[in-house]
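Note that my numbering has the sequence shown beginning at 8, numbered continuously upward. Take a look at the structure set out below.
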Amino acid sequence: MNERIRILGERFALAALDESEWLCALREMAEMTGGSRGQLVGFVDGGVPFNRINDFTEDEIGRFVSRERGDPDINVRVRASLKDPPLVIRSEADYRTVGRGPGFDLYRDMCDAYDISAGCQTKLLEGNGRFVGLTVHRTRREGETDEAARAVFSAIVPLVRNAVKTQIAIEDQGNAILSGALEYVGLPIFICDASGEVKAHTGLATSLLSDGRFQIVDGKLSLPHSRDAAALRQALARRDREGRGAETLMIGGAGAKMPLIVDVCRLPALPSRIAFASRLLVIVRTGRRLHEAAPMILGTAFGLSGAEIEIALAIGQGESREQIAAARNTSRQTVKAQLKSIFAKLNVSREADLVAMLGETLRM
């Protein structure tokens, strides 16, 4: 048996890296302890963010969770382990001590319908009002958990706990990897959860923190003005709840500063993640910066010369003809002639049209 447990531990370790291994490892754990189904599940206040159980369909899991929601006033198993520290083993006798009540009776009826009333369980990890649970479910035919099955389950539990901790650590690294990938977007972007806790951010977001336009307070993204901070918190909560689509906020400017346009969107949830919270992007669009590829686009797509590209971009950044002439050490008439050529190539007739076109096409 010890060799089988060691091999199973390797399988759980692999599951932390390969999502396809989780259900197979949970099934093998259940079989080694005399049960039918293994379950790895996360609980937060009012919800079940992830739930893996072998030989249950996603629809069956969804229907079950929609009725009990991990509520300790409904879910007998949650109540049985609620006050335990991690790694305490609970089983059928503990389920019975929970007692009766409308919610508990509903849960027991659901377990009877799915033939998963018996079994043993433990709390693997706990913190910040959430925990990860591990359960072996047993059918009526398999009967209640005996001491031998309990001993095997106890030996397996630390191996699963290590695998869960490994996957959580890898997912945390994923935020850093995602942040690095987002650097290529060239925008200030924060990666947060629904509460605003900042997981990572791009380099340009650091500039917004440095100049005080955004703040991180107790680890959470915020803004200097309470009304703006409240609007951001509400937008994060709505996007977490509603999922699809983006929500756009205009964060008021102070003094001579222009307002910031902020898009809030939720990243798609991956079924393989052991995640207690959604990941949301807070994307800040200052509207002041032209895309890094702007010179290449103007040259390739519109045939502007090097000098014409520099002048067009200067106009787009709000510089006057006089400023451009002085910076280029040339006459205003030369700049005027070059602008005429630029207008022709871009099919615009005045500077306002040029600025508008650059804003629509190249500004970030």
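We put the beta carbon where it would ideally sit given N, CA and C, even for glycine. Quantities reported herein were computed from a predicted structural model and do not represent experimental measurements.
What does the Cβ neighbour count give for residue i, buried or exposed, with the cut at 16 atoms within 10 Å?
| i | result |
| --- | --- |
| Met39 | buried |
| Ala253 | exposed |
| Asn9 | exposed |
| Gly108 | exposed |
| Ile184 | exposed |
| Glu75 | buried |
| Gln241 | exposed |
| Val224 | exposed |
| Pro231 | exposed |
| Gly134 | exposed |
| Arg234 | exposed |
| Ser285 | buried |
Out of the options, point me to the one whose CA is closest to residue i's CA.
| i | options | result |
| --- | --- | --- |
| Val55 | Arg70, Asp62, Ile14, Asn61 | Arg70 |
| Arg148 | Asn169, Arg157, Asp122 | Asp122 |
| Phe221 | Thr104, Lys206, Ile258 | Ile258 |
| Cys31 | Gly42, Glu204, Thr307, Ile60 | Ile60 |
| Val205 | Gly226, Gln174, Phe19, Arg44 | Gly226 |
| Val291 | Ala242, Ile196, Ser186 | Ile196 |
| Ser202 | Ala188, Ala236, Ala359, Leu113 | Ala236 |
| Leu24 | Phe138, Asn169, Ser186, Gly41 | Asn169 |
| Val143 | Ala37, Arg74, Ile318, Ala156 | Ala37 |
| Ala301 | Gly366, Leu113, Gln46, Arg246 | Gly366 |
| Leu311 | Arg286, Trp29, Arg335, Ile349 | Ile349 |
| Glu154 | Arg97, Thr146, Thr307, Leu274 | Arg97 |
| Thr337 | Ile81, Ala314, Gln324, Ala351 | Ala314 |
| Ser161 | Gly126, Glu178, Gln180, Asn135 | Gly126 |
| Asp101 | Val167, Ile68, Thr146, Thr152 | Thr152 |
| Pro92 | Asp78, Asp66, Phe138, Gln330 | Phe138 |
| Glu67 | Asp218, Ala212, Ala120, Ala363 | Ala120 |
| Asp62 | Arg44, Arg157, Pro275 | Arg44 |
| Glu249 | Ile268, Ala332, Leu274 | Leu274 |
| Val289 | Gly325, Thr307, Arg246 | Arg246 |
| Ala158 | Gln330, Ile316, Gly41, Glu326 | Gly41 |
| Asp78 | Ala344, Ala333, Thr213, Phe50 | Phe50 |
So for residue i, helix, strand or coil by DSSP?
| i | result |
| --- | --- |
| Gln180 | helix |
| Arg292 | strand |
| Phe350 | helix |
| Ser356 | coil |
| Phe71 | helix |
| Gln174 | helix |
| Gln345 | helix |
| Arg13 | helix |
| Ile258 | strand |
| Ala22 | helix |
| Gln330 | helix |
| Ser27 | coil |
| Ser43 | coil |
| Ile223 | strand |
| Asn169 | helix |
| Gly306 | helix |
| Leu361 | helix |
| Ser312 | coil |
| Ser186 | helix |
| Arg76 | coil |
| Gly49 | strand |
| Pro285 | Note that residue 285 is Ser in the sequence shown here, rather than Pro. Here Ser285 sits in coil by DSSP. |
| Gly366 | helix |
| Arg59 | strand |
| Arg335 | helix |
| Arg251 | coil |
| Gly323 | helix |
| Ala263 | Unreliable positioning characterises Ala263 in this predicted model, as indicated by a pLDDT of 41, which lies under 50. A coordinate reading is not provided. |
| Leu243 | helix |
Excluding the 5 residues flanking residue i on each side, which residues of the same chain have their C-beta closer than 8 Å to its C-beta?
| i | result |
| --- | --- |
| Lys172 | Leu132 |
| Val95 | Ser88, Thr129, Lys130 |
| Leu15 | Ala32, Glu35, Met36, Met39, Ile163, Leu166 |
| Leu320 | Leu297, Ala301, Pro302, Leu305, Leu365 |
| Arg11 | Met39 |
For residue i, which residues of its own chain have a beta-carbon under 6 Å away from its beta-carbon, when the five flanking residues on both sides are left out?
| i | result |
| --- | --- |
| Arg328 | Arg339, Val342 |
| Leu361 | Ile322, Val355 |
| Ser124 | Cys118 |
| Ala207 | Asn182, Ala183, Ser186, Ile198 |
| Tyr114 | Glu75, Ile81, Asn82, Val83 |
| Gln46 | Ile60, Thr142 |
CB-CB under 7 Å to residue i, same chain, minus the five flanking residues each way: which ones, in chain order?
| i | result |
| --- | --- |
| Gly210 | Glu190 |
| Val105 | Val83, Arg86, Ala87, Phe111 |
| Glu28 | Arg18, Leu21, Ala22 |
| Leu243 | Cys199, Ala201, Gly203, Val271, Leu287 |
| Gln174 | Ala23, Ile281 |
| Val53 | Here residue 53 turns out to be Gly, not Val, going by the sequence shown. Excluding residues within five positions, the ones whose Cβ falls inside 7 Å are Arg76. |
| Asp353 | According to the sequence provided, residue 353 is Leu. The question's Asp does not apply to it. Excluding sequence neighbours, Leu353 sits near Phe309, Leu361, Met364. |
| Ile268 | Thr255, Met257, Arg292, Gly294 |
Fully enclosed by the stretch 197 to 221, which beta strand (DSSP E) runs are 3 residues long or longer?
205 to 208
Segments of 3+ residues assigned as beta strand (DSSP E) that fall wholly inside the stretch 87 to 162:
96 to 98, 125 to 134, 137 to 145
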